[in-house]
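At position 69 of the sequence shown (counting the first as 1) the number is 69 in the working numbering, and the numbers step up by one without a gap.
Backbone N, C-alpha and C fix where the C-beta goes; we use that ideal spot for every residue, glycine too.
Notes to accompany the following structure.
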Amino acid sequence: LYVMTSEYGAATQLEKINMLDLAELVVLNKFEKKGSLDALRDVRKQMKRNRGAWDLDPEAMPVYPTIAAQFNDEGVNRLFKAIVDKVNDY
1 LYVMTSEYGA ATQLEKINML DLAELVVLNK FEKKGSLDAL RDVRKQMKRN
51 RGAWDLDPEA MPVYPTIAAQ FNDEGVNRLF KAIVDKVNDY
């Protein structure tokens with residue numbers, strides 16, 4: 001599980017974040033911030049490149065936009081379910 005925000009810098013910086021290669025799930029927190037939709041798109045595209053998953057839809061990448069400070073956030077709820085599913089797979 002790798003947690004990041006949309007404030008990672010330029011899109012080219014994503015190539016340098018090695019955790020995107022290793023993480024089974026990526027959380028893009030503080031999703032209410034300006035530029036978060038662009039960051040979500042860029043992170044998904046970089047994960048596709050890293051995994052060589054050219055045939056997959058970018059939305060199939062395990063990237064979860066969240067607003068952790070918000071009660072009952074849909075993204076946090078989806079992330080929780082994904083974590084439980086991963087644990088159950090082991």
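Among the candidates the options, whose CA atom is the shortest distance from the CA of residue i?
{"i": "Tyr-2", "options": "Gly-9, Leu-14, Glu-15 and Glu-24", "result": "Glu-24"}
{"i": "Ser-61", "options": "Lys-30, Phe-71 and Asp-21", "result": "Ser is not the amino acid found at residue 61; the sequence shown has Met there. It is Asp-21."}
{"i": "Leu-56", "options": "Lys-45, Tyr-90, Pro-65 and Val-87", "result": "Lys-45"}
{"i": "Met-4", "options": "Gly-52, Val-87, Phe-71 and Val-63", "result": "Val-63"}
Put residue i into one of helix, strand or coil per three-state DSSP.
{"i": "Leu-114", "result": "Since the first residue of the chain shown is 1 and the last is 90, residue 114 is not available in this structure."}
{"i": "Pro-62", "result": "coil"}
{"i": "Gln-70", "result": "coil"}
{"i": "Gly-52", "result": "coil"}
Quickly, what does DSSP pair residue i with across the bridge? List them, please.
{"i": "Tyr-8", "result": "None, per the DSSP bridge assignment."}
{"i": "Tyr-2", "result": "Val-26"}
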